[in-house]
Amino acid sequence: MRLGKTEITTIQNAFGALPIQRVSEDEAVKLLRKAYDGGMTYFDTARYYSDSEHKLGIAFKGIRDKLYIATKTGSVTAEGFWKDLETSLRELQTDYIDVYQFHNPAFCPKPGDESGIYDAMLEAKKQGKVRHIGITNHRLAVAKEAIESGLYETLQFPFSYLADSKDIELVNMCKDSDMGFVAMKALSGGLITDSKAAFAYIAQYDNVLPIWGIQRESELDEWLSYIDNPPTMTEDIKAVIDADVSELSGEFCRGCGYCMPCPVGIEINTCARMSLMLRRAPSSAWLNETWQNNMAQIENCLHCNSCKSKCPYGLDTPSLLQKNLEDYKKVLAGEVPV
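Per my numbering, the very first residue in the sequence shown carries number 26; after that it's consecutive.
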(Lines of atoms letter the chains of each structure in order from A and count residues from 1; the text may use other names and numbers.)
(Lines give C-alpha, C1' and ligand atoms only; values in the text may rest on other atoms or scores of the structure.)
Protein backbone atom coordinates (compact mmCIF):
# COMPACT_ATOMS: atom_id res chain seq x y z
CA MET A 1 0.00 0.00 0.00
CA ARG A 2 0.96 3.63 -0.51
CA LEU A 3 0.81 5.80 2.62
CA GLY A 4 -0.73 8.87 1.06
CA LYS A 5 1.42 11.72 -0.15
CA THR A 6 4.43 10.42 1.81
CA GLU A 7 4.89 7.99 -1.09
CA ILE A 8 5.98 5.41 1.50
CA THR A 9 5.08 1.99 0.14
CA THR A 10 4.78 -0.87 2.61
CA ILE A 11 2.72 -3.96 3.26
CA GLN A 12 -0.64 -3.31 4.97
CA ASN A 13 0.66 -4.96 8.13
CA ALA A 14 2.90 -2.89 10.44
CA PHE A 15 4.62 -3.30 13.80
CA GLY A 16 3.45 -1.29 16.82
CA ALA A 17 6.41 -1.08 19.18
CA LEU A 18 4.73 0.12 22.38
CA PRO A 19 4.56 -3.41 23.93
CA ILE A 20 8.26 -4.22 23.43
CA GLN A 21 9.09 -1.92 26.35
CA ARG A 22 7.71 -4.76 28.50
CA VAL A 23 10.19 -7.41 27.31
CA SER A 24 13.96 -7.75 27.60
CA GLU A 25 16.29 -6.08 25.15
CA ASP A 26 17.33 -9.42 23.63
CA GLU A 27 13.72 -10.54 23.20
CA ALA A 28 12.70 -7.21 21.68
CA VAL A 29 15.58 -7.24 19.19
CA LYS A 30 14.72 -10.81 18.24
CA LEU A 31 11.08 -9.86 17.60
CA LEU A 32 11.95 -6.76 15.58
CA ARG A 33 14.46 -8.55 13.37
CA LYS A 34 12.06 -11.45 12.81
CA ALA A 35 9.34 -8.97 11.85
CA TYR A 36 11.66 -7.32 9.32
CA ASP A 37 12.91 -10.63 7.95
CA GLY A 38 9.30 -11.76 7.64
CA GLY A 39 8.31 -8.79 5.50
CA MET A 40 7.29 -5.95 7.83
CA THR A 41 8.91 -2.63 6.94
CA TYR A 42 6.97 -0.02 8.94
CA PHE A 43 7.68 0.29 12.68
CA ASP A 44 5.89 2.74 14.98
CA THR A 45 7.24 3.88 18.34
CA ALA A 46 7.32 7.04 20.50
CA ARG A 47 9.48 8.99 22.90
CA TYR A 48 6.94 8.18 25.61
CA TYR A 49 7.44 4.41 25.20
CA SER A 50 10.37 4.22 27.66
CA ASP A 51 13.14 2.13 25.96
CA SER A 52 11.22 1.15 22.81
CA GLU A 53 13.23 3.51 20.58
CA HIS A 54 16.49 2.21 22.06
CA LYS A 55 15.53 -1.36 21.19
CA LEU A 56 14.64 -0.40 17.62
CA GLY A 57 17.99 1.32 17.27
CA ILE A 58 19.85 -1.84 18.24
CA ALA A 59 17.68 -4.11 16.09
CA PHE A 60 17.99 -2.09 12.90
CA LYS A 61 21.59 -0.97 13.04
CA GLY A 62 23.07 -1.55 9.60
CA ILE A 63 19.74 -1.90 7.78
CA ARG A 64 18.17 1.46 8.63
CA ASP A 65 17.67 2.45 4.99
CA LYS A 66 15.65 -0.69 4.26
CA LEU A 67 12.69 0.16 6.50
CA TYR A 68 10.52 2.98 7.82
CA ILE A 69 10.50 4.26 11.39
CA ALA A 70 7.74 6.46 12.78
CA THR A 71 8.09 8.01 16.21
CA LYS A 72 6.44 10.79 18.18
CA THR A 73 7.00 13.78 20.43
CA GLY A 74 4.57 14.72 23.14
CA SER A 75 6.19 18.08 23.70
CA VAL A 76 4.13 21.25 23.37
CA THR A 77 7.07 23.66 23.30
CA ALA A 78 9.72 24.21 20.64
CA GLU A 79 12.48 23.63 23.18
CA GLY A 80 10.96 20.32 24.21
CA PHE A 81 10.45 19.37 20.55
CA TRP A 82 14.17 19.69 19.77
CA LYS A 83 15.13 17.81 22.93
CA ASP A 84 12.78 14.95 22.06
CA LEU A 85 13.93 14.82 18.46
CA GLU A 86 17.62 14.68 19.32
CA THR A 87 16.95 12.01 21.95
CA SER A 88 14.94 9.93 19.48
CA LEU A 89 17.63 10.19 16.81
CA ARG A 90 20.27 9.09 19.30
CA GLU A 91 18.23 6.18 20.69
CA LEU A 92 17.22 5.00 17.22
CA GLN A 93 20.83 5.28 16.01
CA THR A 94 19.76 7.21 12.94
CA ASP A 95 20.06 10.70 11.49
CA TYR A 96 16.47 10.95 10.24
CA ILE A 97 12.90 9.97 11.16
CA ASP A 98 10.67 8.79 8.32
CA VAL A 99 7.42 9.95 9.95
CA TYR A 100 7.67 12.28 12.95
CA GLN A 101 4.34 12.78 14.70
CA PHE A 102 2.90 15.13 17.29
CA HIS A 103 1.70 12.73 19.99
CA ASN A 104 -2.00 13.29 20.76
CA PRO A 105 -1.93 17.07 21.24
CA ALA A 106 -5.10 18.67 22.59
CA PHE A 107 -4.92 21.14 19.67
CA CYS A 108 -3.85 21.05 16.04
CA PRO A 109 -0.34 22.55 15.80
CA LYS A 110 0.02 25.10 12.99
CA PRO A 111 2.69 27.50 11.75
CA GLY A 112 2.93 30.64 13.84
CA ASP A 113 0.91 29.41 16.80
CA GLU A 114 1.99 30.10 20.38
CA SER A 115 3.56 26.67 20.89
CA GLY A 116 6.03 27.04 18.01
CA ILE A 117 6.20 23.27 17.59
CA TYR A 118 4.99 23.16 14.00
CA ASP A 119 7.59 25.75 13.01
CA ALA A 120 10.20 23.60 14.76
CA MET A 121 8.94 20.57 12.82
CA LEU A 122 9.32 22.46 9.54
CA GLU A 123 12.88 23.42 10.46
CA ALA A 124 13.68 19.81 11.35
CA LYS A 125 12.33 18.72 7.98
CA LYS A 126 14.41 21.40 6.26
CA GLN A 127 17.48 20.02 8.04
CA GLY A 128 16.68 16.51 6.82
CA LYS A 129 16.07 15.13 10.31
CA VAL A 130 12.38 14.57 9.55
CA ARG A 131 11.07 13.32 6.23
CA HIS A 132 7.30 13.41 6.77
CA ILE A 133 5.08 15.27 9.24
CA GLY A 134 2.31 13.42 11.04
CA ILE A 135 -0.08 13.75 13.96
CA THR A 136 -1.72 11.21 16.26
CA ASN A 137 -4.94 11.80 18.12
CA HIS A 138 -7.99 10.39 19.87
CA ARG A 139 -10.13 13.50 19.39
CA LEU A 140 -12.35 13.69 16.32
CA ALA A 141 -12.32 17.50 16.24
CA VAL A 142 -8.51 17.72 16.30
CA ALA A 143 -8.19 14.94 13.72
CA LYS A 144 -10.61 16.67 11.35
CA GLU A 145 -8.84 20.00 11.77
CA ALA A 146 -5.51 18.33 10.97
CA ILE A 147 -6.90 16.82 7.77
CA GLU A 148 -8.55 20.03 6.66
CA SER A 149 -5.43 22.09 7.40
CA GLY A 150 -3.40 20.39 4.68
CA LEU A 151 -0.37 20.61 7.00
CA TYR A 152 0.03 16.90 7.67
CA GLU A 153 1.02 13.89 5.61
CA THR A 154 -0.31 11.26 8.02
CA LEU A 155 -2.97 10.91 10.68
CA GLN A 156 -2.76 8.17 13.30
CA PHE A 157 -6.13 7.47 14.90
CA PRO A 158 -7.93 4.54 16.58
CA PHE A 159 -9.64 2.37 13.95
CA SER A 160 -11.04 -1.13 14.05
CA TYR A 161 -14.22 -2.96 13.17
CA LEU A 162 -15.76 -1.31 16.23
CA ALA A 163 -15.44 2.03 14.43
CA ASP A 164 -18.53 4.17 14.00
CA SER A 165 -19.57 6.31 11.05
CA LYS A 166 -17.54 9.29 12.32
CA ASP A 167 -14.34 7.24 12.37
CA ILE A 168 -15.01 5.93 8.85
CA GLU A 169 -15.59 9.51 7.74
CA LEU A 170 -12.04 10.35 8.89
CA VAL A 171 -10.64 7.49 6.80
CA ASN A 172 -12.49 8.75 3.74
CA MET A 173 -11.43 12.35 4.39
CA CYS A 174 -7.81 11.21 4.50
CA LYS A 175 -8.21 9.33 1.24
CA ASP A 176 -9.74 12.37 -0.46
CA SER A 177 -6.85 14.51 0.85
CA ASP A 178 -4.21 11.92 -0.12
CA MET A 179 -3.22 11.77 3.54
CA GLY A 180 -1.92 8.52 5.01
CA PHE A 181 -4.16 6.98 7.68
CA VAL A 182 -2.36 4.88 10.32
CA ALA A 183 -4.73 2.76 12.41
CA MET A 184 -3.83 2.39 16.06
CA LYS A 185 -5.79 0.20 18.48
CA ALA A 186 -6.91 -2.03 15.63
CA LEU A 187 -7.62 -4.68 18.29
CA SER A 188 -9.38 -2.07 20.46
CA GLY A 189 -6.96 -2.48 23.34
CA GLY A 190 -7.45 -6.24 23.55
CA LEU A 191 -11.26 -6.31 23.31
CA ILE A 192 -11.04 -7.71 19.78
CA THR A 193 -9.72 -11.26 20.06
CA ASP A 194 -10.08 -12.51 16.46
CA SER A 195 -7.03 -11.31 14.51
CA LYS A 196 -8.35 -12.65 11.21
CA ALA A 197 -11.50 -10.58 11.55
CA ALA A 198 -9.48 -7.50 12.57
CA PHE A 199 -7.16 -7.91 9.58
CA ALA A 200 -9.91 -8.63 7.05
CA TYR A 201 -11.93 -5.59 8.12
CA ILE A 202 -9.07 -3.11 7.76
CA ALA A 203 -7.90 -4.67 4.49
CA GLN A 204 -11.11 -3.33 2.94
CA TYR A 205 -9.64 0.18 3.24
CA ASP A 206 -6.69 0.46 0.88
CA ASN A 207 -5.46 3.73 2.42
CA VAL A 208 -5.29 2.44 6.02
CA LEU A 209 -2.08 1.07 7.56
CA PRO A 210 -2.75 -0.91 10.76
CA ILE A 211 -0.03 -1.09 13.40
CA TRP A 212 -0.38 -4.18 15.56
CA GLY A 213 0.99 -3.97 19.09
CA ILE A 214 3.32 -6.97 19.36
CA GLN A 215 4.92 -8.33 22.52
CA ARG A 216 5.18 -12.10 21.97
CA GLU A 217 6.65 -14.21 19.18
CA SER A 218 3.36 -16.12 18.86
CA GLU A 219 1.56 -12.83 18.14
CA LEU A 220 4.17 -11.88 15.55
CA ASP A 221 3.90 -15.27 13.85
CA GLU A 222 0.16 -14.74 13.51
CA TRP A 223 0.55 -11.40 11.76
CA LEU A 224 3.39 -12.63 9.57
CA SER A 225 1.29 -15.57 8.41
CA TYR A 226 -1.20 -13.10 6.95
CA ILE A 227 1.37 -11.65 4.55
CA ASP A 228 1.18 -14.62 2.20
CA ASN A 229 -2.32 -15.71 3.23
CA PRO A 230 -4.28 -12.55 4.06
CA PRO A 231 -7.72 -13.14 5.60
CA THR A 232 -10.56 -11.77 3.50
CA MET A 233 -14.09 -10.80 4.44
CA THR A 234 -16.15 -13.98 4.46
CA GLU A 235 -19.61 -14.68 5.86
CA ASP A 236 -18.01 -16.38 8.88
CA ILE A 237 -15.77 -13.40 9.60
CA LYS A 238 -18.64 -10.99 9.07
CA ALA A 239 -20.65 -12.97 11.63
CA VAL A 240 -17.82 -12.60 14.17
CA ILE A 241 -17.68 -8.86 13.56
CA ASP A 242 -21.45 -8.44 13.78
CA ALA A 243 -21.54 -10.32 17.09
CA ASP A 244 -18.73 -8.22 18.57
CA VAL A 245 -20.25 -4.96 17.38
CA SER A 246 -23.55 -5.98 18.98
CA GLU A 247 -21.86 -6.88 22.28
CA LEU A 248 -19.67 -3.81 22.41
CA SER A 249 -22.10 -1.23 21.11
CA GLY A 250 -22.65 1.78 23.30
CA GLU A 251 -20.23 3.28 25.80
CA PHE A 252 -17.09 1.37 26.66
CA CYS A 253 -13.57 2.33 27.68
CA ARG A 254 -10.97 1.95 24.91
CA GLY A 255 -8.11 1.89 27.42
CA CYS A 256 -6.24 4.82 25.83
CA GLY A 257 -5.13 6.14 29.24
CA TYR A 258 -5.55 9.85 28.50
CA CYS A 259 -7.72 10.13 31.63
CA MET A 260 -4.69 9.33 33.76
CA PRO A 261 -3.27 9.93 36.27
CA CYS A 262 -6.01 9.63 38.86
CA PRO A 263 -5.50 11.73 42.03
CA VAL A 264 -6.33 8.73 44.25
CA GLY A 265 -4.41 6.19 42.18
CA ILE A 266 -7.23 4.35 40.38
CA GLU A 267 -5.88 2.54 37.30
CA ILE A 268 -8.78 3.93 35.29
CA ASN A 269 -7.86 2.62 31.84
CA THR A 270 -8.15 -0.98 33.03
CA CYS A 271 -10.64 -0.71 35.88
CA ALA A 272 -13.19 1.09 33.69
CA ARG A 273 -13.33 -1.89 31.34
CA MET A 274 -12.80 -4.74 33.76
CA SER A 275 -16.20 -6.27 33.02
CA LEU A 276 -15.30 -6.57 29.34
CA MET A 277 -11.83 -7.90 30.07
CA LEU A 278 -13.22 -10.60 32.37
CA ARG A 279 -15.46 -11.83 29.59
CA ARG A 280 -13.45 -11.19 26.42
CA ALA A 281 -9.93 -11.84 27.73
CA PRO A 282 -10.68 -14.19 30.64
CA SER A 283 -7.85 -14.84 33.05
CA SER A 284 -7.75 -15.85 36.70
CA ALA A 285 -5.15 -13.10 37.10
CA TRP A 286 -7.94 -10.50 36.93
CA LEU A 287 -9.28 -11.91 40.21
CA ASN A 288 -6.02 -12.07 42.14
CA GLU A 289 -5.27 -9.99 45.21
CA THR A 290 -3.49 -7.27 43.24
CA TRP A 291 -6.46 -6.64 40.99
CA GLN A 292 -8.91 -6.90 43.86
CA ASN A 293 -6.97 -4.08 45.53
CA ASN A 294 -6.86 -2.09 42.29
CA MET A 295 -10.60 -2.37 41.83
CA ALA A 296 -11.21 -1.50 45.50
CA GLN A 297 -9.53 1.86 44.85
CA ILE A 298 -12.66 2.88 42.96
CA GLU A 299 -14.33 3.26 46.37
CA ASN A 300 -11.97 6.22 46.96
CA CYS A 301 -13.14 8.11 43.87
CA LEU A 302 -13.38 11.84 44.62
CA HIS A 303 -15.85 12.45 41.78
CA CYS A 304 -13.62 15.32 40.74
CA ASN A 305 -14.54 14.50 37.12
CA SER A 306 -10.98 15.07 35.95
CA CYS A 307 -11.05 11.74 34.11
CA LYS A 308 -14.42 12.57 32.57
CA SER A 309 -13.19 15.94 31.29
CA LYS A 310 -10.09 14.37 29.71
CA CYS A 311 -11.81 11.42 28.03
CA PRO A 312 -11.53 11.89 24.23
CA TYR A 313 -14.64 9.72 23.79
CA GLY A 314 -16.84 11.75 26.12
CA LEU A 315 -17.48 8.90 28.55
CA ASP A 316 -18.97 9.38 32.00
CA THR A 317 -15.91 7.68 33.47
CA PRO A 318 -16.84 7.84 37.21
CA SER A 319 -20.16 6.11 36.48
CA LEU A 320 -18.41 3.55 34.28
CA LEU A 321 -15.93 2.80 37.05
CA GLN A 322 -18.74 2.28 39.56
CA LYS A 323 -20.61 -0.09 37.24
CA ASN A 324 -17.45 -2.13 36.69
CA LEU A 325 -16.81 -2.31 40.43
CA GLU A 326 -20.33 -3.57 41.11
CA ASP A 327 -19.98 -6.23 38.44
CA TYR A 328 -16.53 -7.20 39.71
CA LYS A 329 -17.87 -7.76 43.23
CA LYS A 330 -20.59 -10.05 41.84
CA VAL A 331 -18.02 -12.05 39.90
CA LEU A 332 -15.86 -12.45 43.01
CA ALA A 333 -18.88 -13.61 45.00
CA GLY A 334 -19.74 -16.13 42.31
CA GLU A 335 -23.07 -14.43 41.62
CA VAL A 336 -22.20 -13.73 37.98
CA PRO A 337 -20.42 -16.30 35.76
CA VAL A 338 -17.59 -15.28 33.44
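Note that the Cβ used here is the ideal one computed from N, Cα and C, for glycine as well.
All values reported here derive from a predicted model rather than from experimental measurement.
- Contact check between the segment 210-220 and the segment 182-200: three or more CB pairs, one atom from each, fall below 8 Å, which counts as touching.
- A distance below 8 Å between beta-carbons, with the five flanking residues on each side excluded, links V363 to the following residues of its chain, in chain order: L303, R304, P307 and V356.
- Residue burial is scored here from C-beta neighbours: M299 has at least 16 other C-beta atoms within 10 angstroms and is therefore classed as buried.
- Cβ-Cβ distances below 6 Å link G63 to L249 in the same chain, with the five nearest sequence neighbours on each side left out; the list follows chain order.
- When the beta-carbon positions are compared, Q322 and G282 stay at least 8 Å from each other.
- Put simply, of E148, L340 and I36 the residue whose alpha carbon is nearest the alpha carbon of F277 is L340.
- Where Q118 is concerned, there is no enclosing beta strand (DSSP E), because DSSP gives it neither an H nor an E.
- In this structure, N232 and K210 do not form a Cβ contact; the two beta carbons are roughly 18 Å apart against a cut-off of 8 Å.
- Cβ neighbours of K191 within its own chain (closer than 7 Å, five residues either side excluded): L165.
- Per DSSP, the continuous alpha helix (DSSP H) segment holding R305 begins and ends at M299 to R305.
- Judged by DSSP in its simplified three-state form, Y283 adopts coil rather than helix or strand.
- Taking the C-beta atoms as reference points, I172 is found nearer than 8 Å to M198.
- The beta carbons of T102 and S49 sit about 34 Å from each other, so the pair does not count as a contact at 8 Å.
- Taking a contact as a CB-CB distance under 8 Å, the pair G29 and E178 counts as one, their CB atoms being some 6 Å apart.
- Taking the CA atoms as reference points, F127 sits about 12 Å from T70.
- Shown here for V124: same chain residues with a beta carbon closer than 6 Å to its own, the five before and five after excluded, namely A95, H157, G159 and T179 in chain order.
- Boundaries of the beta strand (DSSP E) harbouring T96: Y93 to T98, taken from the DSSP string.
- Per DSSP, Q181 is one residue of the beta strand (DSSP E) stretching across T179 to P183.
- By the C-beta criterion, the segment 309-326 is judged not to be in contact with the segment 256-269, since fewer than 3 inter-stretch pairs fall below 8 Å.
- DSSP, reduced to helix, strand and coil, places G29 within a helical segment of the structure shown.
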